[in-house]
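Undergrad:
Numbering (full-length UniProt numbering), first residue to last: 1 to 183.
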């Protein structure tokens, strides 16, 4: 009954049922809308690193508009990196990203790269592998990344070169979870 008295006092003491109902529903709608705030999608913060397997010098590489690295060109059948850049965010449910590669003399390209097996709860590094032919492989890893042996050896085979790596700290390919979670 307290609400009815409040509405009656606002209405000058009169008993206009129409006014009471209009104000009541207005308050209810306002309260409901206050609870309907747009929420940001859950994101993960990542350190970015780029590996260049192509023969192009890379002026800049962007993930969804965020600069994550640059580096010199590389000899055929080799790989180089420009170091780790902090930080960029990805939506936790992302399955692909837009990658923009800027090349010398104002050239460049954009492509959509599928994110290989990743689990947001283990995400620390966003790794972009730039391959010849404007192909891009994106992965998100839980630990400091290394160049991918499988990608380098595929490039060496495509060039008709002897398949070799000069040291052993290479990622063999996409990582696998051992805790039973994920795919």
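Quick reminder that beta carbons are idealized off the backbone N, C-alpha and C, glycines included.
Fair warning: this is a prediction, and the values are worked out from it, not measured in the lab.
1) Sort 55, 77, 89 by Cα distance to residue 125 and report the nearest one.
2) Of all the CB atoms in chain D, is at least one closer than 8 Å to the CB of residue 120?
3) Does the distance from the CB of residue 65 to the CB of residue 82 come in under 8 Å?
4) Less than 6 Å between C-beta atoms, sequence neighbours within five positions excluded: which residues of the same chain meet that for residue 132?
5) For residue 132, name the three-state secondary structure that DSSP assigns.
6) With burial defined as no fewer than 16 other Cβ atoms inside 10 Å of the residue's Cβ, what is the status of residue 56: buried or exposed?
7) Find the nearest neighbour of residue 105 within the set 51, 58, 74, 151, judged by alpha-carbon distance.
8) Hey, would you say residue 147 sits closer than 8 Å to residue 79, going by beta carbons?
9) Nearest to residue 48 by CA position, among 75, 109, 128, is which residue?
10) Report the residue from 119, 97, 134 whose alpha carbon sits nearest the alpha carbon of residue 107.
11) Tell me whether the beta-carbon of residue 101 lies closer than 8 Å to the beta-carbon of residue 63.
12) Could you work out which residue in 141, 61, 163 is closest to residue 149 when comparing CA atoms only?
13) Note down, in chain order, each residue of its chain lying with its Cβ closer than 7 Å to the Cβ of residue 94, except the 5 sequence neighbours on either side.
14) Note down the Cα distance separating residue 153 from residue 77, rounded to an integer number of angstroms.
15) According to DSSP, is residue 105 part of a helix, a strand, or is it coil?
16) Determine the extent of the beta strand (DSSP E) in which residue 58 is found, giving its start and end residues.
17) Thinking C-beta only, is residue 44 closer than 8 Å to residue 113?
TA: On the basis of the coordinates in this document:
1) Translated into the one-based positions of the chain shown, residue 125 becomes position 125. Among 55, 77, 89, the Cα nearest to that of residue 125 belongs to 89.
2) No chain D is present in this structure, which holds just one protein chain.
3) Taking the first residue of the chain shown as position 1, residue 65 is located at position 65. Taking the first residue of the chain shown as position 1, residue 82 is located at position 82. Not a contact, by the Cβ cut-off of 8 Å.
4) Along the chain shown, read from residue 1 onward, the residue named residue 132 stands at position 132. Once the five neighbours on either side are set aside, the close Cβ partners of residue 132 are 54.
5) The residue you call residue 132 lines up with position 132 of the chain shown. In this structure, residue 132 counts as helix in the three-state DSSP scheme.
6) In the chain shown, the residue the question calls residue 56 occupies position 56. By the 10 Å Cβ count, residue 56 comes out buried.
7) Working through the chain shown from its first residue, we reach residue 105 at position 105. For residue 105, the nearest C-alpha among the options comes from 58.
8) Reading the chain shown from its first residue, position 147 is the one you call residue 147. Reading the chain shown from its first residue, position 79 is the one you call residue 79. Their beta carbons are under 8 Å apart, which means residue 147 touches residue 79 by this criterion.
9) Looking up residue 48 in the chain shown gives position 48. Of 75, 109, 128, the residue nearest in Cα terms is 128.
10) Locating residue 107 in the chain shown gives position 107, where the first residue counts as 1. Of the candidates 119, 97, 134, the one whose C-alpha sits nearest the C-alpha of residue 107 is 134.
11) Walking along the chain shown from the start, residue 101 turns up at place 101. Walking along the chain shown from the start, residue 63 turns up at place 63. Not closer than 8 Å, so no.
12) Along the chain shown, one-based indexing puts residue 149 at 149. For the residues 141, 61, 163, the minimum Cα distance to residue 149 belongs to 163.
13) As a first step, residue 94 must be located in the chain shown, where it is residue number 94. Closer than 7 Å at Cβ, skipping near neighbours: 115.
14) The residue you call residue 153 lines up with position 153 of the chain shown. The residue you call residue 77 lines up with position 77 of the chain shown. Taking the straight line joining both Cα atoms gives about 8 Å.
15) As a working note, residue 105 is residue 105 in the chain shown. Residue 105: helix per DSSP, three-state reduction.
16) In the chain shown, the residue the question calls residue 58 occupies position 58. Note, residue 58: beta strand (DSSP E), 58-63.
17) Sequence index remark: in the chain shown, residue 113 carries index 113 (1-based). Sequence index remark: in the chain shown, residue 44 carries index 44 (1-based). No. Outside cutoff.
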